[in-house]
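*Asks:*
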Amino acid sequence: MTKIAFCFPGQGSFEVGMGRDIAEAVPQAMAVFERGSEVSGLDLRHLCFEAEAEELLDTSVQQPALVATSLAVLAAIRARGIEPDVVVGHSVGEFAAIAAAGALTDEESIALVRERGLAMAEAAREHPGSMAAILGLEDEIVEDLCRRILGVWPANYNCPGQIVVSGESPAVDECCAEAQLQGARRTVKLRVSGAFHSPLVERAAERLRPAVERARFSDPIAPFMSTVTAKIEPAQRMAALLVEQLTAPVKFTQAARELMRQGVKVFVEVGPGNVLTGLLKRIDRTVKAIPVGDLASLEKLREILDPV
């Protein structure tokens with residue numbers, strides 16, 4: 319039988335009006351926004367259903383809104399009787415993945431993500447930096463550039479030929495210039511407020527650590543693939559990994575390849591946008607990648623999965 323992975327997107331995948339049509343059609347999905355608003359102190363229905371894009375650019379707001387939307391979509395998928403064989407998340411998407419695995423409740427996950435967003439926003443103010451995607455170079459070339467240029471690090475291994483680097487802004491700019499000299503197809507500065515997944519946000523990890531360590535992680539009902547280690551990880555490792563991921567690179571390429579090696583042939587992207595769907599198709603064109611973020615794609619999911 320074909321294995322199905324649910325994958326959960328990271329920051330930047332937000333959309334104006336995200337989750338609204340699913341929440342209005344599926345009570346279980348609306349309940350996620352209501353409970354999430356209570357624990358986060360945010361009006362998630364306003365942020366997700368009505369807010370303009372500018373309001374969602376704030377890291378401390380966007381992260382809980384994004385995770386709440388992913389968990390609401392998950393609730394709607396489960397209301398249709400569809401379950402994953404394994405879960406994986408990209409950066410902050412790991413909090414949704416861990417909730418999907420049953421190791422945390424939706425409310426616990428959203429509350430932690432609110433704390434994570436606040437911690438990261440504060441760290442970005444204290445140590446400003448930037449991030450950029452480098453397209454069209456081998457991973458090893460970008461890694462070598464990061465070793466030679468002080469103050470920049472590999473941050474996201476998204477797919478072959480696409481690495482995001484993170485660090486001090488002059489170092490990121492130098493890395494982009496050098497990458498173009500090395501033959502990069504393109505470099506793109508990201509619209510983020512800090513140098514995430516780098517040592518520059520170590521303070522955020524330290525601020526988040528007590529909240530994560532207070533959480534009680536249950537044994538997962540679906541295996542959790544970490545994008546910190548690219549391995550299936552147990553409940554007792556989750557707290558440490560959620561802290562480590564703030565400064566560690568996101569190994570999405572490696573994690574996806576390992577899932578494929580373990581027999582996963584279908585990936586359902588749970589949440590707004592289709593960023594991960596695009597990355598997965600670049601990692602392996604033979605896998606089926608299905609984005610589900612609105613009511614239309616939710617309704618089509620069953621008929622797409624039936625032949626699987």
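In my numbering, the protein residues as written are 319 to 626. We put the CB at the ideal spot given by N, CA and C, even for glycine. Only a predicted model underlies this, so the values are computations on that prediction, with no experimental measurement involved.
Where in the segment 518-575 do unbroken runs of the beta strand (DSSP E), each at least 3 residues long, occur, reported from the N-terminal end onward?
*Replies:* none
*Asks:* Checking 8 Å against the spacing of the C-beta atoms, do H515 and A473 come in under that value?
*Replies:* As a working mapping, residue 515 is identified with position 197 in the sequence shown. As a working mapping, residue 473 is identified with position 155 in the sequence shown. Yes. Within cutoff.
*Asks:* Considering Q480, what are the terminal residues of the beta strand (DSSP E) in which it resides?
*Replies:* As a first step, residue 480 is located in the sequence shown; it is residue number 162 there, counting from the start. Where Q480 is concerned, the enclosing beta strand (DSSP E) stretches over Q480 to G485.
*Asks:* Hey, how far is the Cα of P345 from the Cα of V391?
*Replies:* Counted from its first residue, the sequence shown places residue 345 at position 27. Counted from its first residue, the sequence shown places residue 391 at position 73. Roughly 11 Å separates the two Cα atoms.
*Asks:* Which residues does DSSP list as the beta-bridge partners of G407?
*Replies:* One-based indexing of the sequence shown puts residue 407 at position 89. According to DSSP, which records beta bridges pairwise, G407 is partnered with F326.
*Asks:* Does I400 come out as helix, strand or coil in the three-state DSSP assignment?
*Replies:* Working through the sequence shown from its first residue, we reach residue 400 at position 82. In the structure shown, I400 sits in coil (DSSP, three-state: anything other than H, G, I, E or B).
*Asks:* Can you tell me where the beta strand (DSSP E) with V506 in it begins and where it stops?
*Replies:* Stepping through the sequence shown from its first residue, residue 506 is reached at position 188. Here the beta strand (DSSP E) through V506 covers R504 to K507.
*Asks:* Give the DSSP-derived three-state secondary structure of P609 in the structure shown.
*Replies:* Position 291 of the sequence shown holds residue 609. Strand, per DSSP.
*Asks:* Rounded to whole angstroms, how far is the Cβ of A450 from the Cβ of V482, which I believe are closer than 8 Å?
*Replies:* Locating residue 450 in the sequence shown gives position 132, where the first residue counts as 1. Locating residue 482 in the sequence shown gives position 164, where the first residue counts as 1. Sure, about 7 Å apart at Cβ, within 8 Å.
*Asks:* Kindly say whether L508, judged by its beta-carbon, lies nearer than 8 Å to any beta-carbon of chain B.
*Replies:* In summary, chain B is missing from the structure at hand, where a single protein chain is found.
*Asks:* Taking the alpha helix (DSSP H) that M336 falls in, what are its first and last residues?
*Replies:* Taking the first residue of the sequence shown as 1, we reach residue 336 at position 18. Neither: M336 is in no alpha helix (DSSP H) and is coded neither H nor E.
*Asks:* So, are the CB atoms of P327 and G591 less than 8 Å apart?
*Replies:* As a working mapping, residue 327 is identified with position 9 in the sequence shown. As a working mapping, residue 591 is identified with position 273 in the sequence shown. Contact flag set, yes.
*Asks:* Report back the beta-carbon spacing between V268 and K606 to the nearest angstrom; my notes put them in contact at under 8 Å.
*Replies:* Residue 268 lies beyond the stretch modelled for the chain, which goes from 319 to 626, so this question has no answer here.
*Asks:* Whose CA, out of R521, I452 and E486, lies closest to the CA of G289?
*Replies:* A question about residue 289 goes unanswered here, because the residues of the chain that appear run from 319 up to 626.
*Asks:* Grab me the residues of V385's own chain with a C-beta within less than 7 Å of its C-beta, minus the 5 sequence neighbours each way, in chain order.
*Replies:* For the purposes of this step, residue 385 is taken as residue 67 along the sequence shown, with counting starting at 1. V410, F413, A414, S427, I428 and V431, listed in sequence order.
*Asks:* Starting from the C-beta of R620, find all residues in its chain whose C-beta is less than 8 Å away, skip the five residues before and the five after it, and write them out in chain order.
*Replies:* Position 302 of the sequence shown, counted from the start, is the residue given in the question as residue 620. R398 and I400.
*Asks:* Nearest-angstrom Cα distance between L375 and A540?
*Replies:* Along the sequence shown, read from residue 1 onward, the residue named residue 375 stands at position 57. Along the sequence shown, read from residue 1 onward, the residue named residue 540 stands at position 222. Straight-line Cα distance between these residues: approximately 32 Å.
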